[in-house]
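For the sequence shown, counting from 1, position 66 maps to 66 in my numbering; every step adds exactly one. Quick reminder that beta carbons are idealized off the backbone N, C-alpha and C, glycines included.
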Amino acid sequence: MQLAVRWEGGWEVTPPRQAPRIGDRSAALRIVRERVQGGRYVVRVEGRAGQVYTLRLRAPRGAPSAVTVLPAQQAMMPLRMSDPDHAGWVNLTVEFPSQGGDADGFVSLDLVFAAS
């Protein structure tokens, strides 16, 4: 019996590693869900209000061409996306709004990516 698997790549997202110290509450970025919808890759993330996080990602054929945030936030700093490295990975820096956190201080955002 032979089994062959063909893989051509897909969307990949890697959150930063951030281990809390003993007794501390988690402040790590959370990837809540991800899906492809209408040709776009949508990632729901949660981060602490007012915190800055950098995550790594790549699209099926290299770097994503664009990213938007939903819901649109007036008080949010602009997203910063690096140029792709040799493997197509980019760093995306997101600063979460300082207002609107839940009881634990986390804010939810949808990051919507378009492939190139």
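Can you tell me whether DSSP reads residue i as helix, strand or coil?
i: Q51; result: coil
i: R30; result: strand
i: R80; result: strand
Can you tell me which residues form a DSSP beta bridge with residue i?
i: G62; result: A59
i: R40; result: Q37, A114
Go to residue i, then tell me how far its beta strand (DSSP E) extends in each direction, as first and last residue.
i: D104; result: Where D104 is concerned, there is no enclosing beta strand (DSSP E), given that its DSSP letter is neither H nor E.
i: L92; result: 90-95
i: V5; result: Unbroken run through V5: none, as it is neither H nor E.
- Query: Do the stretch 46-54 and the stretch 18-33 meet, that is, are 3 or more Cβ pairs less than 8 Å apart?
  - Reply: yes
- Message: Pairs of beta-carbons, one from the stretch 41-51 and one from the stretch 93-107, closer than 8 Å: are there three or more?
- Response: yes
- Can you find at least 3 beta carbon pairs, one from the stretch 98-107 and one from the stretch 55-69, that sit closer than 8 Å? no
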